[in-house]
Amino acid sequence: MNRLLMLVVGLSMALLPAIAQDDFTRIDENGNFSSNTNENKKDSLGSDKEIPKGLKVWTVDTRFGDRIAAQPDTLSHMFMNKLYTYGLRGEYNLLGNLASPRLNRVFVDRPTDAQFIFTQPYSYFIVPVDRFLFTNTLSPITNLSYFSCGDKNDGEDHFTAIFGVNAGKRVGVGFKFDYDYGRGFYQNQSTAMFNYTMYGSYLGDRYQAHLLFTTNHQKTSENGGITNDNYITHPETFNESYSTNEIPTVLSKNWNRNDNINVFFTHRYNIGFNRKVPMTKEEIEAKKFALEAKKDQNLREKNKKGHSGDNNSKDNDNKTYTGRPDNATIAGAEPEDSVRNNARIKVGSKAQADSLMAINKQTKKDTAWLKNEYVPVTSFVHTVNFENYKRIYEAHETPTGYYANTYYNAGRLTGDSIFDETRHRRLRNTLALALLEGFNKWAKAGIKAFISSDIRHYELPNTLGNLESFNEQTMSFGGQLAKTQGKTLHYSVTAETWFLGKDAGQLKVDATADLNFALFGDTVTMAASAFFHRTSPGFYFRHYQSRHLWWENDNLSKTIHSRLQATLNYQKTRTKLRFAVDELKDYTYFAQNYTINNDFTRSANTVTVKQSGSAINLLTAELMQDVKFGPLNWESVVTWQRTSHPDVLPLPSLNIYTNLYLRFKIARVLNCDFGADMRYFTAYNAPDYSAALGQFAVQAQTDKVKIGNYPLINVYANFKLKQARFFILMNHINAGSGNKNYFFAPHYPLNERMLCFGLSWSFFN
23 MNRLLMLVVG LSMALLPAIA QDDFTRIDEN GNFSSNTNEN KKDSLGSDKE
73 IPKGLKVWTV DTRFGDRIAA QPDTLSHMFM NKLYTYGLRG EYNLLGNLAS
123 PRLNRVFVDR PTDAQFIFTQ PYSYFIVPVD RFLFTNTLSP ITNLSYFSCG
173 DKNDGEDHFT AIFGVNAGKR VGVGFKFDYD YGRGFYQNQS TAMFNYTMYG
223 SYLGDRYQAH LLFTTNHQKT SENGGITNDN YITHPETFNE SYSTNEIPTV
273 LSKNWNRNDN INVFFTHRYN IGFNRKVPMT KEEIEAKKFA LEAKKDQNLR
323 EKNKKGHSGD NNSKDNDNKT YTGRPDNATI AGAEPEDSVR NNARIKVGSK
373 AQADSLMAIN KQTKKDTAWL KNEYVPVTSF VHTVNFENYK RIYEAHETPT
423 GYYANTYYNA GRLTGDSIFD ETRHRRLRNT LALALLEGFN KWAKAGIKAF
473 ISSDIRHYEL PNTLGNLESF NEQTMSFGGQ LAKTQGKTLH YSVTAETWFL
523 GKDAGQLKVD ATADLNFALF GDTVTMAASA FFHRTSPGFY FRHYQSRHLW
573 WENDNLSKTI HSRLQATLNY QKTRTKLRFA VDELKDYTYF AQNYTINNDF
623 TRSANTVTVK QSGSAINLLT AELMQDVKFG PLNWESVVTW QRTSHPDVLP
673 LPSLNIYTNL YLRFKIARVL NCDFGADMRY FTAYNAPDYS AALGQFAVQA
723 QTDKVKIGNY PLINVYANFK LKQARFFILM NHINAGSGNK NYFFAPHYPL
773 NERMLCFGLS WSFFN
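The structure is reproduced here in structure tokens:
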């Protein structure tokens, strides 16, 4: 009831500006900010000062510190799906609850394994450095977002606050606050996530810098899944009826906790030259707007002082015109540089004055819309990234015989309790020299060279339960050749090799290219990417110590992963095709095995590290097709995958998302999308989840569990009113009807049907 009240209040607040027809800030469907310059807007103090509106966002390359243009999150389209951990188009497996661990079913979209693997399954919550949006805004901007589902017993809440402000044109700072809380429909399933991020940037001509400080706290209750899947799939086999919070789970009083801090800093010094270049259309409009605002301000000040206007507007032809060149022009044989020197000139007639004013206006037209631009030729770049992680797996109750092995006594806790702690600190430094694109007419591409050092520290419990330290250090060097300017052809090739330390012998080569050309009145984009990676398995694949899981695999081979990918995008037909071919040698993965007893308890649980002895070949084909017929829109994504070793790399053959909706306006100001969407994948032996390791692992037992072949359907109404977005949605509307195999991970059912709503509002001032 409280949530419904909050929704009504939020919608009322959002509708008030529409009723008043107040165009304070407009954000169009392309994410661009605009304002109505015909009206004077007051600031928060009630003055007549115009509030400028404008926002630019970008991401930063973690190696070179390059700025990469991005779009602010302002679109109403698909806004309702930002709430869900299973992804914008339902492409993730998950444990059912908000911000729970997840794994992408589309293999080509999975990120490379990180050194600290324990935060990787929480990709819904943790934002990588190279995806964080830095801001530059004309006036302070605040965005508040709130999503909510269910009730106080089993509901989910997600609150985000973002603030950005500039100190002049060069300095931008801000912060982000993110809080997720999922109570869960099933026992011992709650999640609580807290993030605080501060950022800043300085964008000078010669010196530029970006700073990002992030701290995350995550706490996840682990229930090990439900004991018997028949509670969901065949409830009629039980004599009693069970509500979701009464269904028995394998574990209780078990938690995974992650705490981490990340400090990222990149800066560069540019050497170049100055030149005059034409202003862009947006810059010209901004300058005109500033001049008009200044003119209006001066006029208001004159009126306050009692000054009258110009009384010479009806001068006749016999009058003598005198004044500065912007009020008069040269008469007779006066020299041209009289204008340049602003000399006082005598004009004999009105016709001569009009002629001189025309010449003066043309002179201003030739120079008024040019700006001074600093062109960097060479950049010296330094990037540093410090990461500090701590992970604790804690259990106060463990079922008898649940684990196959025990390697040390309880340590800090007693009896069957567990307190497995691991720590990781990492310091990376990169020095780079960049010859920027277009620095020479004979060398159109940009060239970069770099050298990096990587210092890594790990702590794991020993046989006494005390922390034992492990240290690794490595160095690498490489270069990049890239062309990013222009509209037709872009390409980039980056190579890096490691020559010192634990990773010596590693090699990474990445290449991308895209070609854009016109066809039948629209643009076709053909893009290709390829990589070759020969990398060592991460530390936790090679070495791990805990009370019940332990391995030492220093003899693991380097994994070789190569990929070729091509994409075709034709905007006119709203069609996008993607094809990819992968080959993996010595693929490294986790495998989990346990026994399900007659009473549906688990025993002899183990997790091991394995490498595939033979090469794995993977084919991927994807079609994205949007169809529009008047107000009716139909958007679909179909992904087909075929893996040569499904026992090592299990993937669904088909992954489908489809969205059918009507788009219309209410009262000509309220944009509305009303429809339903569905996500579906074919049945397969999906990776299981290990609570003790906090990772997804391939099923190694003989009797494997299949999930999939279940359509998950949501019905929604999605709205946008100026800078406010909001939605009302019924999640999992088909729960409890027909097919009940709604598992997105083995033994972890999805939440039941829930009413959800969300609101996101941006403020300038």
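Per the working numbering, the very first residue in the sequence shown carries number 23; after that it's consecutive.
Note that beta-carbon positions come from the ideal geometry of N, C-alpha and C, so glycine has one too.
Please read all numbers here as calculations on a predicted model, not as lab measurements.
Residue state for Q209 is assigned as coil, using DSSP reduced to three classes. Between F741 and S170, the C-beta spacing is not below 8 Å.
Under the three-pair Cβ rule at 8 Å, the segment 411–424 does not count as touching the segment 287–299. When the Cα atoms are used, G758 and M776 turn out to be separated by approximately 12 Å. Counting C-beta pairs with one atom in each stretch, the segment 753–773 and the segment 728–740 have three or more that are closer than 8 Å, which means they touch.
The segment 247–266 makes no contact with the segment 275–284: fewer than 3 CB pairs, one atom from each, lie closer than 8 Å.
CA-to-CA, the gap between N538 and E774 works out to about 46 Å. Spanning the alpha carbons of F703 and G697 requires a straight line of approximately 21 Å. Put simply, the segment 135–148 does not touch the segment 159–167. Fewer than three CB pairs are less than 8 Å apart. DSSP places K303 in the helix class (H, G or I) of the three-state scheme. Counting the other CB atoms within 10 Å of its CB gives D576 a total below 16, which places it among the exposed residues. Counting the other CB atoms within 10 Å of its CB gives T428 a total below 16, which places it among the exposed residues. For R701, the enclosing beta strand (DSSP E) covers residues 692–703.
Contact annotation: the segment 678–694 does not touch the segment 581–591, with fewer than three C-beta pairs closer than 8 Å. Within a 10 Å sphere around the beta-carbon of A540 sit fewer than 16 other beta-carbons, which makes this residue exposed.
For the pair W573 and T506, the CB atoms are not nearer than the 8 Å cut-off. In the three-state reduction of the DSSP assignment, T420 falls in the coil class.
In the DSSP annotation of this structure, the continuous segment of the alpha helix (DSSP H) that includes Y562 starts and ends at 561–564. For G423 and D179, the gap between their C-alpha atoms comes out near 37 Å. Taking C-beta atoms under 8 Å as the contact rule, G196 and T157 qualify, at a distance of about 6 Å.
Counting along the chain, I254 sits inside no beta strand (DSSP E); it lies in the alpha helix (DSSP H) bounded by residues 252–255. Going by beta carbons, A552 and R585 fall inside the 8 Å limit. In the pairwise beta carbon analysis, the segment 744–760 is classified as touching the segment 96–113: at least three pairs are separated by under 8 Å. Scanning L522, S498, V546, F554 for the CA closest to the CA of T534 turns up F554.
Here D152 carries a helix assignment [DSSP, helix/strand/coil].
For V79, the enclosing beta strand (DSSP E) stretches over residues 77–82. Beta-bridge pairing by DSSP links A540 to T545.
The alpha carbon of R127 has as its nearest neighbour, out of I678, Q721, V691, the alpha carbon of I678. For Q587, the CB contacts under 6 Å within the same chain, skipping 5 residues up- and downstream, are S551, A602 in chain order. A distance below 8 Å separates the beta carbons of V403 and F86.
Going by C-alpha positions, R228 is about 31 Å away from W520. Taking a C-beta distance under 8 Å as the contact criterion, E443 and P483 qualify as a contact pair. DSSP places D318 in the helix class (H, G or I) of the three-state scheme. A contact between stretches requires three or more CB pairs, one per stretch, nearer than 8 Å, and the segment 116–130 meets this requirement with the segment 197–215. Going by DSSP, F601 is part of the beta strand (DSSP E) stretching over 597–607. With a cut-off of 8 Å on Cβ pairs, the segment 254–272 is not in contact with the segment 108–116, counting fewer than three such pairs.
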